[in-house]
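One structure is given below, encoded as C-alpha cells.
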Amino acid sequence: AVVSTQSTGVLAAFCTYIGSAVSFTVLVVPVCFPYLMEPGPITIMGFEDIDPVFAGTCLTLVVAVTSACAMLSTYPNLALTVKGKEFKKIYNDRGEDLQRRLNFYRCTDASEVTRHDDFYGDNIKDLTDYRYWIRIQQIKRENIEKLKSQESSES
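Numbering-wise (our numbering), the sequence shown opens with residue 525 and increments by one.
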C-alpha cells in the first residue's frame, strides 16, 4: 500500500505539472501577462531585449514545478481524504495491530528503564527495527527469568 501511494503520488504530481503548465500557458499568460505575447524583445525589471517566449517558458516552468511540488507534498493527506473511510480504517487497523503486538512483546517486568530504553517502540521505523526491538524485549525477559530462578535457588 505504501509503494502504491508513493507511485500514485508521483503520477499525480506529474499530471499536476503538465496540467498547470498547459493551463497557465493557455489561460493565465495571455490575460495577466500580455507583454509576453508581443512579437519583439521585451524589457522586464530593467533587463532589456528578453525574448518573450523564453520569459513565458521560465514563468510557466516555475509555476508548474511549484504546483507539482505542492501536490507531491500534500498527496498522502489528500489520498486519505479522497479515498475515504475504508482506507482510513485499514490504516488505523494496522496501527492498532502494531500497538497490540508491541504490548504483547513488551517486557513489563523490568524494574530498570534507562534513557536509551525504547520501552514504547517509538524508534521502530521498519521491519528490522521491529525485529530488533522484539529481540531486546526477549533478552530482558530472559534476564529477568534468570534472576528469578537464581533468587528461588538461593532461598
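Backbone N, C-alpha and C define an ideal beta-carbon position, used for all residues, glycine too.
It should be emphasised that the depicted structure is a prediction, and the values quoted were computed from it without experimental measurement.
Please look up how many angstroms separate the CB atoms of V550 and L560, rounded, as I've assumed it's under 8 Å. Wrong, their Cβ atoms sit about 13 Å apart, outside the cutoff.
Mind checking who F571 pairs with in its DSSP beta bridge? I568
Going by the CB atoms, is the gap between V587 and S544 shorter than 7 Å? yes
Give a yes or no on contact between the region 569 to 587 and the region 530 to 542, applying the rule of three or more CB pairs nearer than 8 Å. no
Contact set for E669: own chain, Cβ-Cβ below 7 Å, skip 5 residues either direction: none
What would DSSP say about D617, mapped onto helix, strand or coil? helix
Under DSSP, the alpha helix (DSSP H) around R630 begins and ends at which residues? From DSSP, R630 is part of no alpha helix (DSSP H); its letter is neither H nor E.
With distances taken from CA atoms, which of P576, Y599, V555 and T581 is nearest F538? Y599
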